[in-house]
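Take 1 as the starting number for the sequence shown in the numbering used here and just add one per residue. Read the structure below first, then the notes.
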Amino acid sequence: MQLKLIPYLQQGVLDNIPTERYMTALRSDLLEKVARGEAVPLDLLAALAGFCHASEYVMWEAPDDTARLEKLDPARSETERLMTGCFRPVAPERLPRDEIEPLRPLSDETSKAVGAQYEENPYPRWRFLPPTTPRDDAIDILVAGAGTGQEPILVAKEYPKARVTALDLSRTSLAYGLMRAREHDAGNIRFLQGDILDVAMIGQKFDSIRSSGVLHHMKEPLQGLLALKGVLKHSGTIRLFLYSAAARWGTLAAQEMRKARGIPATPDAIRAFRQEILALPDDHPAKTVSQGRDFFSISGVRDLLFHVQEHNYTIPMIADLVAASGLRLLEFANTAKARKRFEDMGFKEPNDLASWEKVEALHPGTFSGMYKFTLGF
Ligand SMILES: C[S@@+](CC[C@H](N)C(=O)[O-])C[C@H]1O[C@@H](n2cnc3c(N)ncnc32)[C@H](O)[C@@H]1O
Numbered sequence: 001m002q003l004k005l006i007p008y009l010q011q012g013v014l015d016n017i018p019t020e021r022y023m024t025a026l027r028s029d030l031l032e033k034v035a036r037g038e039a040v041p042l043d044l045l046a047a048l049a050g051f052c053h054a055s056e057y058v059m060w061e062a063p064d065d066t067a068r069l070e071k072l073d074p075a076r077s078e079t080e081r082l083m084t085g086c087f088r089p090v091a092p093e094r095l096p097r098d099e100i101e102p103l104r105p106l107s108d109e110t111s112k113a114v115g116a117q118y119e120e121n122p123y124p125r126w127r128f129l130p131p132t133t134p135r136d137d138a139i140d141i142l143v144a145g146a147g148t149g150q151e152p153i154l155v156a157k158e159y160p161k162a163r164v165t166a167l168d169l170s171r172t173s174l175a176y177g178l179m180r181a182r183e184h185d186a187g188n189i190r191f192l193q194g195d196i197l198d199v200a201m202i203g204q205k206f207d208s209i210r211s212s213g214v215l216h217h218m219k220e221p222l223q224g225l226l227a228l229k230g231v232l233k234h235s236g237t238i239r240l241f242l243y244s245a246a247a248r249w250g251t252l253a254a255q256e257m258r259k260a261r262g263i264p265a266t267p268d269a270i271r272a273f274r275q276e277i278l279a280l281p282d283d284h285p286a287k288t289v290s291q292g293r294d295f296f297s298i299s300g301v302r303d304l305l306f307h308v309q310e311h312n313y314t315i316p317m318i319a320d321l322v323a324a325s326g327l328r329l330l331e332f333a334n335t336a337k338a339r340k341r342f343e344d345m346g347f348k349e350p351n352d353l354a355s356w357e358k359v360e361a362l363h364p365g366t367f368s369g370m371y372k373f374t375l376g377f
């Protein structure tokens, strides 16, 4: 068992409740043994510590665990250091924050509040990159709202000759991205801290602009889109991902619970709130959030349930946004699942938003991975 468990802990990511229950119990058992002075395998402890760190210690710490942990001293032995590291960080994370170039100090109040959230909880914390096939195009790419670098690094690996600009409000998120870019040998990325509203100050135009899960966190997403349009080359494209209100009905129910109870966005409160959600009856709408990836890290839950600013869209709202931008819709919903539903309902015109509205009315979860669409001149 252990032979398989260690590679899983080293390569996997916490993303489901049965695994969480198993790992929580395993961690408590190991702690009990360590507290009794029994030997435990150091390679297992090291792998479990890495796994728990990757989820930002989102798993529940029982009072017995806390009492035992208080008696450990990370400086006393490797066992105690690794055991403690399964529950909390044992060393501060050193990120190259000073190496991030500033574009311009933030002035928009919403951008400041959103930036502050991601300074505290850079999102997403990611462990691995999917494989990519390199392409030859030497293009200019902007990742607007680059977060912790996963998307710009993926794009930089896919287009090794491209010049990639990774723009975000959060210096800490970008510093995490820069650290990871170095690990992945992705040198063609410029990390820039600033607001999409100020993107013209970069003084450059782009062939491809990508903004995944970002504009819905601006006070006025249309202003963000118009700013991006202003730095788009005439032949270029903007690919956007935006929240669907219909797909997020369970998330919105969980957010209502959180607001009604006045739960603060601290790691301890987030851990406790997760337990409350898990204790809900299975048919409670808010319980659906426990099936999504974001439920399994502190920054994920913060992003999902504690955001300081978000808009949730309907398809008519997307149509209005596109019309107001003066751009053309080049492609909508390019996922296989969505396309199949569309065709099964007999629709033919792939970018007809009125048809997509009917698909979503019948299958509200179609855009659980957000509305994904591409715009151009
Ligand atoms: C939900 S995260 C998504 C990160 C990344 N796009 C991804 O998919 O992994 C949203 C990111 O957008 C950034 N963001 C929000 N509003 C922004 C703005 N006005 N200008 C630049 N970045 C912004 C936040 O700082 C945050 O890192």
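Backbone N, C-alpha and C fix where the C-beta goes; we use that ideal spot for every residue, glycine too.
Subject >> Where the beta strand (DSSP E) containing Ser244 begins and where it ends >> reply: For the purposes of this step, residue 244 is taken as residue 244 along the sequence shown, with counting starting at 1. Here Ser244 belongs to no beta strand (DSSP E), and DSSP marks it neither H nor E.
Original post:
Hey, how far is the Cα of Asp195 from the Cα of Tyr118?
Top reply: In the sequence shown, counting from the first residue as 1, residue 195 sits at position 195. In the sequence shown, counting from the first residue as 1, residue 118 sits at position 118. Rounded to whole angstroms, Asp195 to Tyr118 spans 13 Å at the Cα level.
Original post:
Cα separation between Leu30 and Gly12?
Top reply: Translated into the one-based positions of the sequence shown, residue 30 becomes position 30. Translated into the one-based positions of the sequence shown, residue 12 becomes position 12. Distance between the alpha carbons of Leu30 and Gly12: 20 Å.
Subject >> Backbone CA spacing between Leu26 and Tyr371 [nearest angstrom] >> reply: Position 26 of the sequence shown, counted from the start, is the residue given in the question as residue 26. Position 371 of the sequence shown, counted from the start, is the residue given in the question as residue 371. Going by the C-alpha atoms only, they are around 39 Å apart.
**OP:** Please report the residue range of the alpha helix (DSSP H) in which Ala138 lies.
**Re:** If you number the sequence shown from 1, residue 138 lands on position 138. First-last for Ala138: undefined, no H or E at that position.
Original post:
Taking C-beta to C-beta, are Ala175 and Leu44 nearer than 8 Å?
Top reply: For the purposes of this step, residue 175 is identified with residue 175 of the sequence shown, where counting begins at 1. For the purposes of this step, residue 44 is identified with residue 44 of the sequence shown, where counting begins at 1. The answer is no: Cβ separation not under 8 Å.
Original post:
Looking at C-alpha atoms only, which residue of Thr366, Trp60 and Thr84 is the closest neighbour of Ala49?
Top reply: Here the question's residue 49 lines up with position 49 in the sequence shown. The option with the nearest alpha carbon to Ala49 is Thr84.
Original post:
From Arg171, Leu5, Ile209 and Ala336, pick the residue whose C-alpha is nearest to that of Leu106; which is it?
Top reply: The sequence position of residue 106 within the sequence shown is 106, counting from 1. Ranking Arg171, Leu5, Ile209 and Ala336 by Cα distance to Leu106 puts Arg171 first.
**OP:** Within 10 angstroms of the Cβ of Pro7, are there 16 or more other Cβ atoms? Answer buried if so, exposed if not.
**Re:** Here residue 7 corresponds to residue number 7 of the sequence shown, with the count starting at 1. With fewer than 16 Cβ atoms within 10 Å of its Cβ, Pro7 is classed as exposed.
Original post:
Just reading off the alpha helix (DSSP H) that Ile315 is part of, what are its end residues?
Top reply: Reading the sequence shown from its first residue, position 315 is the one you call residue 315. Boundaries of the alpha helix (DSSP H) around Ile315: Ile315 to Ser325.
Original post:
So does Val164 have its beta carbon nearer than 7 Å to some heavy atom of ligand 1?
Top reply: Mapped onto the sequence shown, residue 164 falls at position 164. No, since every heavy atom of ligand 1 falls outside the 7 Å radius drawn around the Cβ of Val164.
Subject >> Between the CA atoms of Phe295 and Pro74 - distance to the nearest angstrom >> reply: To locate residue 74, count along the sequence shown from 1; it is residue 74. To locate residue 295, count along the sequence shown from 1; it is residue 295. Pro74 and Phe295: Cα-Cα distance of roughly 29 Å.
Subject >> Contact set for Ala156: own chain, Cβ-Cβ below 6 Å, skip 5 residues either direction >> reply: In the sequence shown, residue 156 corresponds to position 156, counting from 1. Excluding positions up to five away in sequence, the list reads Val164, Ala186, Asn188 and Ile189.
**OP:** Compute every distance between the C-beta of Val301 and the non-hydrogen atoms of ligand 1, then say whether any falls below 7 Å.
**Re:** Within the sequence shown, numbered from 1, the residue matching residue 301 stands at position 301. No.
Original post:
What does Asp166 pair with, by DSSP beta-bridge criteria?
Top reply: Here residue 166 is taken as the residue at index 166 of the sequence shown, counted from 1. It is Ala, not Asp, that sits at residue 166 in the sequence shown. In the DSSP output, where bridge partners are listed per residue, Ala166 has Val143 and Phe191.
**OP:** Could you spell out where the alpha helix (DSSP H) holding Ile17 opens and where it closes?
**Re:** Position 17 of the sequence shown, counted from the first residue, corresponds to residue 17. Ile17 -> alpha helix (DSSP H) spans Ile17 to Ala35.
Original post:
In terms of residue numbering, what span does the alpha helix (DSSP H) encompassing Leu252 cover?
Top reply: For the purposes of this step, residue 252 is taken as the residue at position 252 of the sequence shown. Boundaries of the alpha helix (DSSP H) harbouring Leu252: Trp249 to Arg261, taken from the DSSP string.
Original post:
Rounded to the nearest angstrom, how far is the Cβ of Arg274 from that of Val308, given a contact under 8 Å?
Top reply: The residue given as residue 274 occupies position 274 in the sequence shown. The residue given as residue 308 occupies position 308 in the sequence shown. Arg274 to Val308, Cβ: 20 Å. No contact.
Original post:
From Gln150, Ala39 and Asp136, pick the residue whose C-alpha is nearest to that of Leu129; which is it?
Top reply: As a position in the sequence shown, residue 129 is number 129, starting the count at 1. Considering only alpha carbons, the answer is Gln150.
Original post:
Is Arg88 helix, strand or coil by DSSP?
Top reply: Within the sequence shown, the letter at position 88 stands for residue 88. Note: Arg88 maps to coil in three-state DSSP.
Subject >> Nearest candidate by alpha-carbon position, reference Gly380, set Lys71, Arg239 and Pro63 >> reply: This structure leaves residue 380 out entirely; the chain is present only between 1 and 377.
Original post:
Under the three-state reduction of DSSP, which class applies to His363: helix, strand or coil?
Top reply: Counted from its first residue, the sequence shown places residue 363 at position 363. Annotated three-state conformation of His363 is coil, per DSSP.
**OP:** Please confirm whether any heavy atom of ligand 1 lies closer than 7 Å to the CB of Pro130.
**Re:** As a first step, residue 130 must be located in the sequence shown, where it is residue number 130. No; taking the cut-off as 7 Å, the Cβ of Pro130 has no heavy atom of ligand 1 nearer than that.
Original post:
Helix, strand or coil: which one does DSSP assign to Leu44?
Top reply: Against the sequence shown, residue 44 aligns to sequence position 44. Residue state, collapsed to three classes: helix.
Original post:
With burial defined as no fewer than 16 other Cβ atoms inside 10 Å of the residue's Cβ, what is the status of Pro221: buried or exposed?
Top reply: Stepping through the sequence shown from its first residue, residue 221 is reached at position 221. With 16 or more Cβ atoms within 10 Å of its Cβ, Pro221 is classed as buried.
Original post:
DSSP three-state call for Arg274: helix, strand or coil?
Top reply: Taking the sequence shown and counting its residues from 1, one reaches residue 274 at position 274. Three-state result, Arg274: helix.
Original post:
Quick one: Cα of Ser65 to Cα of Ser28, how far?
Top reply: Sequence index remark: in the sequence shown, residue 65 carries index 65 (1-based). Sequence index remark: in the sequence shown, residue 28 carries index 28 (1-based). Here residue 65 turns out to be Asp, not Ser, going by the sequence shown. For Asp65 and Ser28, the distance between alpha carbons rounds to 6 Å.
Original post:
CA-CA distance, Pro160 and Phe206?
Top reply: In the sequence shown, the residue the question calls residue 160 occupies position 160. In the sequence shown, the residue the question calls residue 206 occupies position 206. Rounded to whole angstroms, the separation of the alpha carbons of Phe206 and Pro160 is 16 Å.
**OP:** Can you give me the Cβ contacts of Tyr243 inside the same chain, cut-off strictly under 8 Å, excluding the 5 residues immediately before and after it?
**Re:** Here residue 243 is taken as the residue at index 243 of the sequence shown, counted from 1. The residues are Gly213, His216, Glu310, His311, Asn312, Tyr313, Met370 and Tyr371.
Subject >> Beta-carbon proximity list for Asp303, same chain, < 7 Å, skipping 5 on both sides >> reply: For this step, residue 303 is matched to residue 303 along the sequence shown. If we look at Asp303 and ignore the five residues flanking it on each side, its Cβ neighbours are Tyr123 and Asp294.
**OP:** List the endpoints of the continuous alpha helix (DSSP H) containing Arg182.
**Re:** Mapped onto the sequence shown, residue 182 falls at position 182. That run of the alpha helix (DSSP H) goes Arg171 to Glu183.
**OP:** Could you please give me the residues that DSSP links to Pro102 through a beta bridge?
**Re:** Locating residue 102 in the sequence shown gives position 102, where the first residue counts as 1. In the DSSP output, where bridge partners are listed per residue, Pro102 has Gln193.
Subject >> Burial state of Gly203 (16 or more Cβ within 10 Å) >> reply: Within the sequence shown, residue 203 is the residue found at index 203, counting from 1. Per the 10 Å Cβ criterion, exposed.
**OP:** For the beta strand (DSSP E) containing Ser55, list its first residue and its last residue.
**Re:** To locate residue 55, count along the sequence shown from 1; it is residue 55. Taken as a continuous stretch (DSSP letters only), Ser55 belongs to no beta strand (DSSP E), as it is neither H nor E.
Original post:
Smallest Cα separation from Ala323: which of Ala333, Lys348, Gly346 and Leu353?
Top reply: Taking the sequence shown and counting its residues from 1, one reaches residue 323 at position 323. Comparing Cα-Cα distances from Ala323 to each of Ala333, Lys348, Gly346 and Leu353, the minimum goes to Leu353.
Original post:
Exposed or buried, Gln255, counting other C-beta atoms within 10 Å across all chains shown (16 or more means buried)?
Top reply: Against the sequence shown, residue 255 aligns to sequence position 255. With a threshold of 16 other beta carbon atoms within 10 Å, Gln255 meets it and is buried.
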